[in-house]
Amino acid sequence: MKHLALLAALLAPVPALADINPADWDAVTAEAEGQTVFWNAWGGSTTTNDFIAWVGQRVMEDYGVTLEHVKLTDTADAVTRVLSEKQAGEDDDGAVDMIWINGANFAAMKEADLLFGPYAEQLPNWAFVDVEGKTVQTDFTVPTEGFESPWAMAQVVFIHDTADIPAPLGDMNAILEWSAANPGRFTYPQPPDFLGTTFLKQALVDLMDDPSALATPATDENYDAVTEPLWTFLDALTPTLWRAGRAYPATGPAQLQLIADGEVDLAVSFSPGEATAAIANNQLPDTVRTFVLDKGTIGNASFVAIPYNSGSKAGAMVVANFLMSPEAQARAQDPNILGYGTVLDMDALSADDRALFDALDLGIATLSPAELGTVQAEPHPSWMTRIADDWMNRYGVAQ
Amino acid sequence: MPHRLHMAGDAGWLGHIRSRRFLLLLPALTLLAMLGPVFAGLWGTLLPAFGHLPAAGQIGASLDPFRDLVAWPGLPRAMLLSVTTGLLATSISLAIVMLVTAGWSGTRAFRLLERLLSPLLSLPHAAAAFGLAFLIAPSGWLSRLLSPGLTGWERPPDWLIVQDNWGLTMTAGLIVKEVPFLLLITLAALGQADARRSVTVAQALGYGRVTGWLKTVFPRVYAQIRPPVYVVLAYAMSVVDVAVILGPNTPPPLSVQIVKWMSDPDLAMRLEGAAGALVQLALVVGALAFWRVGEWVVARLGRRWIASGARGRFDPLVARLALLSGAACALAVLLGLGVLAIWSFAGFWGFPDALPDQFTWRNWMRFGPGTQEAMIETALIAIVAASVALILTIGCLEAEYRYGLTFSRRAVWLLYLPLLIPQTAFLPGLQTLMLNIGADAGRLPVILAHLVFVLPYVFLSLADPYRAWDTRIGTIAAALRASPNGVLWRVRLPMLLRPILTALAVGLAVSVGQYLATLLIGGGRVATLTTEAVALASGGDRRAIAVYGLMQTGAALVPFALALLIPALVWRNRQGLRHG
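Top to bottom, those sequences are chains P and U.
Each residue of the first sequence is one higher than the one before, starting from 1 at the first, in our numbering.
Each residue of the second sequence is one higher than the one before, starting from 1001 at the first, in our numbering.
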């Protein structure tokens, strides 16, 4: 009989647990204590992994939240996971509690109602976020509407070994000229890798006289004409690439190894402090520096989002809030740790908190905020998806 | 009869009934553990392949997924890569193992090679692949050792060695890993093949070593190792991790592309992926059929060759070439391991320096704690999965022996299904199934999923030696009033100690090396050394990869060392059992 009762209990429709109110912060922290948060974040960068482990220690100390880093090779894996859970009716305690996300993955999840929220702008540390100066409320032109909270700013920089490229290259055509004169010494991560498609977008934005068309979704009518300069550029560039474009590094950090090996001299990066951090970890020679293009480079924010079926939403919000704290932000910006840009507004901070940032030595290979120059807007995600597909058909199946 | 049994004591009688029932249950349980998930998973693949995936808003039967698949420009090449790497890797590694065994078994050189290669079996494919890549890339260690002195290179040459478009490096990576596997399986089989006497007789008749072995021993040995050979073929055709590390990516082999489609955030891509998975399945089935026909041809030609009476003029040359190839495999993996060890301690290490600027503990300090957690998880899963698999396997084989519960020749193929069906074909479907029954994520489902792969490997490793055991010994023991259980525990199992431990070690290694099953079924929550290492792989941080690769190697090295060591120790004063 006991078994029958248990079975009945299991089969009975479970009333949807009332989702916790993000604005009631005391209730959030109370519920968060003892929860385990599975943060699905790309695990390919050892410096990021170390940072996440530190976050785990801190939220355990302050809030009793256990943070487990689920190391992904591709953020899409986590998105797929949540989708298949929804398909299977797992609505209450999914495997994913938090995702490091942005761009197309965020757009897809938001569109499919797979995210919890809005919560981001109710978090206490949101008060410090630089809403005016940084693109923290749109993600690749898609409004975030509080369904994801920012934790790092990224901007495209080019890493170059000054032993081989003494001076910065001012635009994409200069990079093409240099690559033609030095064949086999440049490459970029293979799309659809995030950084690889970023390079394609950066190239397109730089090649266009007026990139405003990219702010709205791509249409069948304008796609060919708008992207035409990119394909002309790539047709010229590809034969001059490392391995003549017959192979590509899988990810961004894989390029660092190629520079250290002396195989290439130039690499694209989405983190202004990455080069300095890599020098500190012996991954790059200390002759490496970074530069941005004359017209500026693409920038965006990294976010975290909470799936609708997370069983530890309170814990996830505590982590999301901690990520926006001055303490975590200053640590993330430390080039010896991560070298990520902060999402905070320095003017909103207390003097003590600001001192944390002022004390940072950005490092030999990191450009100052002024040197980073103009931040160009991310194109609408539809451009990236189509360009990545096109790239794969044109260059991804080369021979 | 019951009366007499009753006199023998209630407990014994009941125990007998109970153990009989239990034993009869085991084969059914085994089949369920292996095949239930496979068929459920396949069902979950079949539907989307024909356009039915309600979650993506696709209803009903359609051939659109296949149309999309054919429209992918990379398809012909991806299929070709799958077939060529599979067939090449299997035939070359088999040839090396057979010729080395033929030419050198019993010699000091062979024992040395065996000692070098056997531990390498435990090396996870991913770690071996990394080692090889670090070794032979244009900026690899070989190139560094020779530069700039011999080559004049101040910078690595722009050569496409790793990730070459023909998949040759990937094939090489598979060969260096499959040679140790086949060699160990062959060694386990040799004990049953009465090889030494056959070769002695053949040599007395004037046959060369290699020719004599091939003509007398090879047919018997091959009959025993055939299932593992098929498994190697199916594995080599659908491998993902080695393909990611060493294989081409413009386009990648079909298996890698399937995984990419399956993990695309756009659910509709799963339809194309499912169609690709079915094509992959068909390719594997086709290649196995091709191999079977090849066996038949070789057997026909072989019989003619045997009848011709050729004594083997080129034997010494063939034997030397084979030994050289075997040694090259061993050397490639060992040097690869060496270079992993160096990277794990490396400070900055630029080209063309033969060694890093300085050695440091920094890398181990950074990655050590992470590896320890993963190591515990890995060991727990592997030990449980492999032990359960071993118990089920021995139970099945014993039931077969005692009660004649023999699988028909055709039914035996059921055992191989989980290994012959590409993982990419049924694992995503399996994931949905486990979600449906509420067995979501966590260690236990992962163990069950591992069991699907571990069981057949353990069964394949153990079945032939177990069946080849001389049953007359059992008859003698029974005549000496040993009960069936007594025969099992006191005669059969001890005599089969070596194949049993080998099977257990294979099971452990298989579990340690599982990537897709751990990732998908564990929902990413179960972090083993392999999932951690492959996640790091995409980042290309050689220091991290080296640390994890070495830890992986350690995790799998111990069981194999024991599989070789224990029989030698236990039977140190039982000469006849040492090779059993």
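Every residue gets a Cβ at the ideal spot worked out from N, C-alpha and C, and that includes glycine.
In this text, all values refer to a predicted model and were calculated from it rather than measured experimentally.
I need the straight-line Cα distance from residue 1163 of chain U to residue 109 of chain P, nearest angstrom please.
34 Å
Please look up how many angstroms separate the CB atoms of residue 1312 of chain U and residue 1211 of chain U, rounded, as I've assumed it's under 8 Å.
The pair is a contact, with the Cβ atoms about 3 Å apart (cut-off 8 Å).
Against chain U, with Cβ distances strictly below 8 Å, would residue 45 of chain P count as a contact?
yes
At least one CB of chain P closer than 8 Å to the CB of residue 1139 of chain U: is that the case?
Closer than 8 Å: yes.
Who are residue 94 of chain P's beta bridge partners in DSSP?
P:310
What number of angstroms, rounded off, separates the C-alpha of residue 1544 of chain U from the C-alpha of residue 288 of chain P?
Cα-Cα distance, rounded: 21 Å.
Exposed or buried, residue 21 of chain P, counting other C-beta atoms within 10 Å across all chains shown (16 or more means buried)?
Flag for residue 21 of chain P reads exposed.
Just to confirm my understanding: we take residue 1004 of chain U, look at its own chain, exclude 5 residues before and 5 after, and list those with CB closer than 7 Å. What are they?
Residue placement at residue 1004 of chain U is poorly supported in this model, since its pLDDT is 37, which falls under 50; the coordinates are not used for a value here.
Just checking: is the beta-carbon of residue 401 of chain P within a distance shorter than 8 Å of some beta-carbon in chain U?
An answer regarding residue 401 of chain P cannot be provided, because it is not within the stretch 1 to 399 covered by chain P.
With DSSP collapsed to three states, give me the class of residue 154 of chain P.
strand
Would you mind working out which of U:1454, U:1495 and U:1483 sits nearest residue 1467 of chain U, comparing C-alpha positions?
U:1495
Are any of the Cβ atoms in chain U nearer than 8 Å to that of residue 407 of chain P?
The structure shown has nothing for residue 407 of chain P, since chain P only spans 1 to 399.
Taking a Cβ distance cut-off of 9 Å, strictly less, list which residues of the region 1534–1558 of chain U are near chain P, in chain order.
1534, 1535, 1536, 1537, 1538, 1539, 1540, 1541, 1542, 1543 and 1544
Which word fits residue 1314 of chain U, buried or exposed, when buried means at least 16 other C-beta atoms lie within 10 angstroms of its C-beta?
exposed
In angstroms with no decimal places, state the Cα-to-Cα distance between residue 1123 of chain U and residue 1456 of chain U.
20 Å
Rounding to the nearest angstrom, what Cα-Cα distance links residue 146 of chain P and residue 317 of chain P in this structure?
12 Å
Which residues in the same chain have their Cβ closer than 7 Å to the Cβ of residue 216 of chain P, if we skip the five residues on either side of it in sequence?
380
Considering Cα atoms alone, identify which of U:1487, U:1238 and U:1344 is closest to residue 1283 of chain U.
U:1238
For the region 1137–1216 of chain U, list the alpha helix (DSSP H) runs that are entirely contained and at least 4 residues long, ordered along the chain.
Correct list: 1141–1146, 1168–1193, 1195–1204 and 1209–1216.
Tell me which residues of the region 279–306 of chain P have at least one Cβ-Cβ distance to chain U shorter than 9 Å, keeping chain order.
If the cut-off is 9 Å between Cβ atoms, the region 279–306 of chain P has 279, 281, 282, 283, 284, 285 and 286 near chain U.
Taking beta-carbon pairs under 8 Å, can you tell me which members of the region 1340–1354 of chain U lie near chain P?
1346, 1347, 1348, 1349, 1350, 1351 and 1352
Any C-beta of chain P within less than 7 Å: which residues of the region 1148–1164 of chain U qualify?
1155, 1156, 1158, 1160 and 1163
Report the three-state DSSP secondary structure of residue 1002 of chain U (helix, strand or coil).
Below a pLDDT of 50, predicted positions are generally treated as unreliable, and residue 1002 of chain U, at 39, falls in that range; the measurement from the model is reported next regardless. If DSSP states are grouped into helix, strand and coil, residue 1002 of chain U belongs with the helices.
Closer than 9 Å, Cβ to Cβ, to anything on chain U: give me those residues from the region 258–282 of chain P, in chain order.
258, 260, 261, 262, 263, 279, 281 and 282
Can you name, in chain order, every residue of its own chain whose Cβ lies under 6 Å from the Cβ of residue 1113 of chain U, other than the five neighbours on each side?
1326
Would you mind telling me which residues of chain U sit closer than 8 Å to residue 242 of chain P, beta carbon to beta carbon, in chain order?
Those within 8 Å of residue 242 of chain P in chain U are 1158.
For residue 1139 of chain U, count the other beta carbons within 10 Å of its own beta carbon; 16 or more makes it buried, fewer makes it exposed. Which is it?
buried
At a Cβ threshold of 8 Å, is residue 50 of chain P touching chain U?
yes
Can you pull the chain P residues whose beta carbon is under 9 Å from the beta carbon of residue 1532 of chain U, in chain order?
43 and 71
Chain U partners of residue 321 of chain P, CB-CB under 9 Å?
Within 9 Å Cβ-Cβ: nothing; residue 321 of chain P doesn't reach chain U, min ~23 Å.
What are the start and end residues of the beta strand (DSSP E) that includes residue 48 of chain P?
Unbroken run through residue 48 of chain P is the alpha helix (DSSP H), 46–63; no beta strand (DSSP E).
Output the distance between the C-alpha atoms of residue 118 of chain P and residue 26 of chain P, rounded to the nearest integer angstrom.
18 Å
Can you check which of these residues, P:78, P:74 and P:52, is closest to residue 66 of chain P by C-alpha distance?
P:52
Does the ligand SAM have even one heavy atom less than 7 Å from the beta-carbon of residue 1365 of chain U?
The ligand SAM is not among the ligands present in this structure, which contains no ligands whatsoever.
Please work out which residues of its chain come closer than 7 Å, Cβ to Cβ, to residue 1159 of chain U, disregarding the five sequence neighbours upstream and downstream, and give them in chain order.
A distance below 7 Å between beta-carbons, with the five flanking residues on each side excluded, links residue 1159 of chain U to the following residues of its chain, in chain order: 1138.
Could you please give the first and the last residue of the uninterrupted beta strand (DSSP E) stretch that includes residue 67 of chain P?
Note, residue 67 of chain P: beta strand (DSSP E), 66–72.
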